[in-house]
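Residue numbers (our numbering): 5 to 988.
All C-beta atoms in this analysis are idealised placements derived from N, C-alpha and C, irrespective of residue type, glycine included.
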Ligand code: PMP
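As structure tokens, this is what we get:
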């Protein structure tokens, strides 16, 4: 009977048997035997008396000593392959007699037994996510194996086994009856049909070779490097090696790379890219790759379903956990799309485009009239299912739909908002006719011969020479046509009901037409779709130039920049030398007018995500009901003031609601001056507090920067407590107190002139100065000195407040202080101008000299509804703790990147408020400002938005919406790593 913990293999050796065999045959003194999983072999991790570890393998009865020796030959080839860079495979340890494998009899059965070195690492299945680089390495390993095993001898005995990629239909047939779920059986059958269609056609010309054939996510190990990224450290288990189609090596890697991915084809494409760098892929190999990979997962799922049923073992259940959901996705994926994406990833050309289909009759006879009244620029944002109130309009094939939020159509990963096909929006019913002759295809998804009137209509069309048929797909049409009907040009197809959308798309295969049911695709898929679909504009009889995608074309980047230059003051600079023309936002993503998405790592204003549904709803419903100024009395302002002040320490319970951070700081300083009767204000060197005249004079970042004219006569600077660049560094435990001495010095300086400060204003963590966090004790010491001198302490929380720092809601909490006045803004309204000053009842009362304070827009009902929605989002979605977790993860990776890239001088911050300071020389700390800009530009080209900030413009600011997830953090770090690795 097997001991617990062993795999599915014929595990009838005890731990003692294994330890004895290791001692007798190999002279190894085993102190501990730990079971490892395995399909057929019994594998064990052995701890040896000398502290080292090795792996012991007891082979199944079906594996002969000859088979094992052959595997050892392959290991030898892989580890020593000339000129390829040895692959990280285990080394075989020789027996006391010099043999690589021994035979040993237990319970009357002889088995092959051998020992190999132990490789460090976690399996790819154990990693939460796989970076693009790791996926590419996976492909490169497959290519390396193909090349190094090209010279391998043929296997001894019978070649081939259950998992042979070319025999997937047979393997599936053996176990499919054990799969209880009818839907799963249907999906498997569909994939096996694709497999048969492609592999039967091409098998004869597929190059053959000896391959490892089991590069699954349990057989590949990765370790984390000093840069925080995982890279492949080991390839295990040559027990499935055989002589078969060479592409099988890649197909297995591709198959398992698609598990647990939000975009399986995007992950698989990275594997293909890595493989193609050193190994050619023939056209036939491209044709079979996806069906073989999908079929491999079917063999996996079916085999383990059956084995689990028959043996009751849990090993298979673990293997299948992620397999069925992926099979479900793949069965809905057009194989042509996968092939086009793989070719694209490998840089292989694409097969010829589809033939054009010239219409005889325009599909919508009075479309010209409809287009004449079309006003695509004015279409409002609509959600699926909502009707649009404006007139008809037409949306273009594979163009971004900037008017419709992609929110509802995506889950994780890259948003999908490229239209597949042309869309015609009908305000009143529109009759549609066939533009050319066609034949109504049966819908394989529907069992009944009668189509429901609203089901998608798929028509087959022949070209005149009959060479290349095409299939048109009509979604949103109400049609009584039945399968098999033959239609002439001009025959009625049906009508578009009032208020709905007709989508017409055109494909080169019926299968693609059937599976192309998602109305929107992502940018990453766009090129591949353009290969397997055709723009139906011409086919429908539309003049391609009239089919515009709305605002995006009318106000292209050039026109926007030109107009900005004409009508915008030049002092209002934009980000980037080559900016993107933004037309949309969703969560942590921004979209340009070409529909390209960018991961936004700098918008701390869009705190709860771009286009946040709750915020949008709160704003629009309040706007519909009531908006007015705050001299009127309405519930929203009272509720919000109560809720906001509840978020602050006791005593800070009176709020002034204003519109911008600058205004808040301006008011805070005015209050301090009036309450103390003094004028002088202490500011931290490098600080930025806003754009009004008063706060510009209080912002060293501006008055000492380009064009600056120096401080106001009432402004007194204190030394910047900067643990990276300043006099007292990270290692000085007393740095906070030492920096605060500068506050004492300025107070003494004022005293000498017979003056006392009105206030000390400090950002709780400095933003524009370059994400600078004060050393412990700084504010505590500074505040007590200022208070002793009769001044008030103002904390500027405009950048860092509202939970961004993760473990605390307000930045001043990190310093263990309670300010007299707190100012806040940016994230408060998630982009809606909203800011506040919060102080004590006593201070607020003594500010009331009789003079009215009135703010027209501050705290209006719409602002308050928005502010409340932002707080709801932070609380209900637990965004503060998400900021803590994601931030800690991101910081850890960035710190490791710092070990790898000399340019990174310092990584600092807390939660989702991080800074990466770039320097040319780590000793002189010469700021690498041009490099920081370059890195930002290059990262933007890769779809990631970061930007330089800081006194020297050399700190990459990272302060994304709090919706930013761990996957987003991984993507950002991978792209930063890649950009820093480039030669530029
Ligand atoms: N204080 C700080 C710390 C800021 O970073 C900013 C804006 N960058 C402001 C105040 C001014 O806020 P606003 O731009 O909303 O006026």
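Residue i, DSSP secondary structure in three states
i	result
residue 120	strand
residue 814	coil
residue 789	helix
residue 970	helix
residue 479	strand
residue 588	strand
residue 416	Summary for residue 416: the model assigns pLDDT 46, below 50, so the residue's position carries little reliability, and this model does not support an answer.
residue 782	helix
residue 330	helix
residue 353	coil
residue 34	strand
residue 179	helix
residue 541	coil
residue 981	helix
residue 931	strand
residue 953	strand
residue 285	coil
residue 606	coil
residue 828	strand
residue 4	Beyond the ends of the chain as shown, which are 5 and 988, falls residue 4; an answer cannot be given.
residue 206	helix
residue 390	In this predicted model, residue 390 has a pLDDT of only 37, less than 50, meaning its place in the structure is not dependable; the value taken from the coordinates is given anyway. DSSP places residue 390 in coil when its eight states are reduced to three.
Cβ-heavy atom distance, residue i to ligand 1, below 7 Å
i	result
residue 711	no
residue 193	no
residue 649	no
residue 905	no
residue 803	yes
residue 692	yes
residue 425	no
residue 719	no
residue 669	yes
residue 830	yes
residue 767	yes
residue 839	yes
residue 771	yes
residue 689	no
residue 589	no
residue 850	no
residue 701	no
residue 800	yes
residue 607	no
residue 666	yes
Under 8 Å between C-beta atoms of residue i and residue j
i	j	result
residue 503	residue 431	yes
residue 691	residue 705	yes
residue 495	residue 437	yes
residue 420	residue 273	no
residue 149	residue 200	no
residue 637	residue 870	no
residue 188	residue 175	no
residue 963	residue 669	no
residue 145	residue 605	no
residue 787	residue 821	yes
residue 305	residue 328	yes
residue 916	residue 968	yes
residue 978	residue 98	no
residue 516	residue 536	yes
Residues that DSSP places opposite residue i in a beta bridge
i	result
residue 238	225
residue 834	836
residue 442	491
residue 742	Per DSSP, none; premise fails for residue 742.
Any C-beta of chain C under 8 Å from that of residue i
i	result
residue 277	Considering every chain present, this structure includes no chain C. It has just one protein chain.
- request: Could you name each continuous beta strand (DSSP E) segment of 3 residues or more that falls completely within the segment 672-721, going from the start of the chain to the end?
  value: DSSP runs (the beta strand (DSSP E)) wholly in the segment 672-721: 685-688.
field: Runs of beta strand (DSSP E) wholly within the segment 45-100 (minimum 3 residues, chain order)
entry: For the segment 45-100, the continuous beta strand (DSSP E) assignments of 3+ residues that do not extend past its boundaries occur at 46-52 and 57-62, in sequence order.
Those runs of the alpha helix (DSSP H) which lie wholly inside the segment 868-926 and span at least 4 residues: As for any alpha helix (DSSP H) of minimum length 4 sitting wholly inside the segment 868-926, the runs are 883-904, ordered along the chain.
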